[in-house]
Amino acid sequence: MNHSEAAEKFTEDVDRTTWHDKTLWFVREKRDKAVFQIPEWEALREAASRIKHNALSNLDEYLLEFEQNAVKNGVKVHWAADGHEHNEIVLQILKETGATQMVKSKSMLTEECHLNEFLLEKGVDVVDTDLGERVVQLANEPPSHIVMPCIHWKKEEIGELFHEHLGTEKGASDPKYLAEAARQHLREKFMTRRAALTGVNFAVAETGGFVVCTNEGNADMGAHLADVHIASMGIEKIIPKARHLGVFLRLLARSATGQPVTTYSSHFHRPRKGQTMHIIIVDNGRTTQLGRPDFRNSLKCIRCGACMNTCPVYRRSGGHSYHNAVAGPIGSILAPNLDMRKNADLPFASTLCGSCSNVCPVKIDIHDQLYKWRQVLTAEGYVDSAKKQGMKLMASVLSNPKLYRFSGKAGRTMMRFAPFSVSNPLNPWYKQREMPEPPKESFREWYVNREKK
Ligand code: SF4
Numbered sequence: 001m002n003h004s005e006a007a008e009k010f011t012e013d014v015d016r017t018t019w020h021d022k023t024l025w026f027v028r029e030k031r032d033k034a035v036f037q038i039p040e041w042e043a044l045r046e047a048a049s050r051i052k053h054n055a056l057s058n059l060d061e062y063l064l065e066f067e068q069n070a071v072k073n074g075v076k077v078h079w080a081a082d083g084h085e086h087n088e089i090v091l092q093i094l095k096e097t098g099a100t101q102m103v104k105s106k107s108m109l110t111e112e113c114h115l116n117e118f119l120l121e122k123g124v125d126v127v128d129t130d131l132g133e134r135v136v137q138l139a140n141e142p143p144s145h146i147v148m149p150c151i152h153w154k155k156e157e158i159g160e161l162f163h164e165h166l167g168t169e170k171g172a173s174d175p176k177y178l179a180e181a182a183r184q185h186l187r188e189k190f191m192t193r194r195a196a197l198t199g200v201n202f203a204v205a206e207t208g209g210f211v212v213c214t215n216e217g218n219a220d221m222g223a224h225l226a227d228v229h230i231a232s233m234g235i236e237k238i239i240p241k242a243r244h245l246g247v248f249l250r251l252l253a254r255s256a257t258g259q260p261v262t263t264y265s266s267h268f269h270r271p272r273k274g275q276t277m278h279i280i281i282v283d284n285g286r287t288t289q290l291g292r293p294d295f296r297n298s299l300k301c302i303r304c305g306a307c308m309n310t311c312p313v314y315r316r317s318g319g320h321s322y323h324n325a326v327a328g329p330i331g332s333i334l335a336p337n338l339d340m341r342k343n344a345d346l347p348f349a350s351t352l353c354g355s356c357s358n359v360c361p362v363k364i365d366i367h368d369q370l371y372k373w374r375q376v377l378t379a380e381g382y383v384d385s386a387k388k389q390g391m392k393l394m395a396s397v398l399s400n401p402k403l404y405r406f407s408g409k410a411g412r413t414m415m416r417f418a419p420f421s422v423s424n425p426l427n428p429w430y431k432q433r434e435m436p437e438p439p440k441e442s443f444r445e446w447y448v449n450r451e452k453k
């Protein structure tokens, strides 16, 4: 299904669409309150954007500096050109350790690489330990939001799911009760797994260390108890200095959930005694995006999710309608880079209102890039021909004043004397809207007549 078909399916459940919209808007408002408490917010955004600009412009040097320092700290560093290589490296590490089970904290990169499916096929049992991720994993579906993976689930549905998989009481929907059940279930997994995988929010070139941000402490629990800690990071996670962390940590939590800081911002530098630590640095299309001048800024993303929470299309169509690991406005910029044909519909899933660019903590020009992708995809022939012909027709009408005036008149006459030609169920635009009363004259006619009077 393309985005509009999947969105249509999502919106069939009117209740779900309404609270999905409201819940995300509530998070957006929390973000606003947190942001307005910081007078230097705009200066922080500017600093973050520039630091990332510097990092992306000198990626080769910073990545090598990071590798050198990490190796000095006793960490094993691996490089993966794509998702498959990343998955093979993880499997190899697990084989060397003799581990057939692994706990994993939230990592959108592993979603992008389809690590869980790959490991499952190879006989490795992976347990996602972020509560929302565990919910979607038990339901056998991907996350729908990068910060709140099961935001599309009602608590009653989670109660049913937990009853089926964790043996909780039937009909239970108290969030405290359900969270406690998940905590007990996950504790057993933490205690028995010898391998843990975490994502990386920021990797510091200067120290070779990295930071993982969670609100549940699950990354720490997994990494601290396991014999092997694997950290997977995209090449764009690098920042030059430790002192830059303060800028990003202040921006990230406020933009994501309106918190002043993420509950756990854990700094990892070296393996503890007796433990092995691996870092896998993954490209998977990022250098291609870096080579596209119009889109390279998208690599500044710190995955806060603010652009999703504010997007009127995302809020009303749900994350799964984007059929990509990262959904929403930023996902619609990243996805065509990976596969233009498969993801050609995504840059069109936007009103181009610019709200995403306004809230982005690293000042990515998101809506401009969506607009630019539309042009690229059309030029490359990935846009459906009906849309292309429609746009051509519109362009010829809009660029010819006589034709424009004639079409306006014809449209108004048609709406007055044959309204069913527009207001009928075959017109998708009409399905959820009331068509306006046609005015007697156009603005131009009114203006000319007014001058005469
Ligand atoms: S593009 Fe900006 S707003 Fe969207 S997730 Fe990334 S950092 Fe956050």
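Residue numbers (the UniProt record's numbering): 1 to 453. Each residue gets a CB set at the ideal place from its N, CA and C atoms; glycine is no exception. The model shown is predicted, which means the values in this text are computed figures rather than measured ones.
* I302 Cβ short of 6 Å to the ligand SF4 heavy atom set -> I302 Cβ: within cutoff of the ligand SF4.
* Going by the C-beta, is V362 closer than 6 Å to any heavy atom of the ligand SF4? -> Within 6 Å of the C-beta of V362 there is at least one heavy atom belonging to the ligand SF4.
* To do: Please confirm whether any heavy atom of the ligand SF4 lies closer than 6 Å to the CB of C307.
  => With a threshold of 6 Å, the Cβ atom of C307 counts as near the ligand SF4, since some heavy atom of the ligand is closer than that.
* Is it right to say F10 is buried, meaning 16 or more other beta carbons lie within 10 angstroms of its own, or is it exposed? -> Within a 10 Å sphere around the beta-carbon of F10 sit 16 or more other beta-carbons, which makes this residue buried.
* Under a three-way DSSP split, which group does I366 fall into? -> Helix.
* Cα-Cα separation, L63 to M435 -> In a straight line, the C-alpha of L63 is about 56 Å away from that of M435.
* Asked: Would the C-beta of I238 count as close to the ligand SF4, meaning under 6 Å from any of its heavy atoms?
  -> Checking the Cβ of I238 against the ligand SF4 gives no.
* May I ask you to verify whether the segment 317-324 touches the segment 290-300, counting CB pairs closer than 8 Å and requiring at least 3? => No: fewer than three Cβ pairs fall under 8 Å.
* **For H114, the three-state DSSP class (helix, strand or coil)** => Here H114 sits in coil by DSSP.
* To do: Taking V261 as the reference, give the member of G274, G246, S350, R272 with the closest Cα.
  => Minimum Cα distance to V261 is reached at G246.
* Asked: Beta-carbon separation of P347 and S332 under 7 Å?
  -> Cβ atoms of P347 and S332: closer than 7 Å.
* Asked: Any heavy atom of the ligand SF4 closer than 6 Å to the CB of I235?
  -> Answer for I235: no, Cβ out of range of the ligand SF4.
* To do: Report the partner residues of C213 according to the DSSP bridge assignment.
  => Its beta-bridge partners are S265.
* Asked: Can you find a heavy atom of the ligand SF4 that lies under 6 Å from the Cβ of I330?
  -> Yes, the Cβ of I330 comes within 6 Å of a heavy atom of the ligand SF4.
* Asked: Given that a residue counts as buried once 16 or more other Cβ atoms are within 10 Å of its Cβ, and exposed if not, what is H84?
  -> Flag for H84 reads exposed.
* Asked: Which term fits Q369, buried or exposed, when burial requires 16 or more other beta carbons within 10 angstroms of its beta carbon?
  -> Burial call: buried.
* Starting from F26, follow its DSSP beta bridges and name the residues at the other end. => According to DSSP, F26 bridges with nothing at all.
* Asked: If you run the structure through DSSP and keep just helix, strand and coil, what is F295?
  -> F295: coil per DSSP, three-state reduction.
* **Stretch-stretch touch, CB-based, cutoff 8 Å, three pairs: the segment 240-259 with the segment 280-288** => Contact between the segment 240-259 and the segment 280-288 is absent: fewer than three C-beta pairs spanning the two stretches fall below 8 Å.
* Cβ contact check for the segment 336-351 and the segment 389-398: 3 or more pairs under 8 Å -> The segment 336-351, when compared against the segment 389-398, does not touch it at the 8 Å Cβ threshold.
* To do: Use the C-beta contact count for D283: other C-beta atoms within 10 angstroms, 16 or more gives buried, fewer gives exposed.
  => Answer is buried; the Cβ neighbour count reaches 16.
* Length of the line joining the Cα atoms of R134 and A231 -> Just so you know, the alpha carbons of R134 and A231 end up roughly 19 Å apart.
* Go ahead and pull the three-state DSSP assignment for G199. => Under the three-state reduction of DSSP output, G199 falls in the coil class, being neither helix nor strand.
* To do: Jot down the residue ranges of each uninterrupted beta strand (DSSP E) in the segment 80-142, minimum 3 residues, whole runs only, in chain order.
  => For the segment 80-142, whole beta strand (DSSP E) runs of length 3 or above, ordered along the chain, are 101-104, 125-128.
* Mind the definition here: the segment 218-228 touches the segment 37-46 only if three or more C-beta pairs lie below 8 Å; say whether that holds. => Segments in contact, no.
* Of the choices E67, S4, Q101, L131, whose alpha-carbon is the least far from that of E121? -> The candidate whose alpha carbon is nearest that of E121 is Q101.
* Using a Cβ-Cβ cut-off of 8 Å (strictly less than) and excluding sequence neighbours within five positions of residue 458, which residues of its own chain qualify? -> Only positions 1 to 453 of the chain appear in the structure, and residue 458 is not among them; the question remains open.
* To do: Would you mind working out which of E169, S355, P428, M340 sits nearest G328, comparing C-alpha positions?
  => Here the closest residue by C-alpha is S355.
* Would the beta-carbon of D130 fall within 7 Å of that of S107? -> Going by C-beta atoms, D130 is not nearer than 7 Å to S107.
* Report buried or exposed for N233, applying the criterion of at least 16 other Cβ atoms within 10 angstroms of its Cβ. => The residue asked about is misnamed: residue 233 is Met in this sequence, not Asn. By the neighbour-count criterion, in which a residue is buried when 16 or more other Cβ atoms sit within 10 angstroms of its Cβ, M233 is buried.
* So A325 and E112 are in contact, right, with Cβ under 8 Å, and what is the actual spacing, rounded? -> At roughly 4 Å, the Cβ-Cβ gap stays under 8 Å, so A325 and E112 are in contact.
* Pull up the distance between the alpha-carbon of G208 and that of S265, whole angstroms please. => Rounded to whole angstroms, G208 and S265 show a C-alpha spacing of 16 Å.
* For V127 and V103, believed in contact at Cβ under 8 Å, the rounded distance -> Between V127 and V103 the Cβ distance is about 5 Å, and since that is below 8 Å, they are a contact.
* Classify V204 as helix, strand or coil using the three-state DSSP reduction. => If DSSP states are grouped into helix, strand and coil, V204 belongs with the strands.
* If you count every other CB in all the chains shown that lies within 10 Å of the CB of M277, and 16 or more means buried, which is it? -> Buried: at least 16 other Cβ atoms inside 10 Å.
* Residue span of the beta strand (DSSP E) that contains G234, given as start and end -> That run of the beta strand (DSSP E) goes 228-234.
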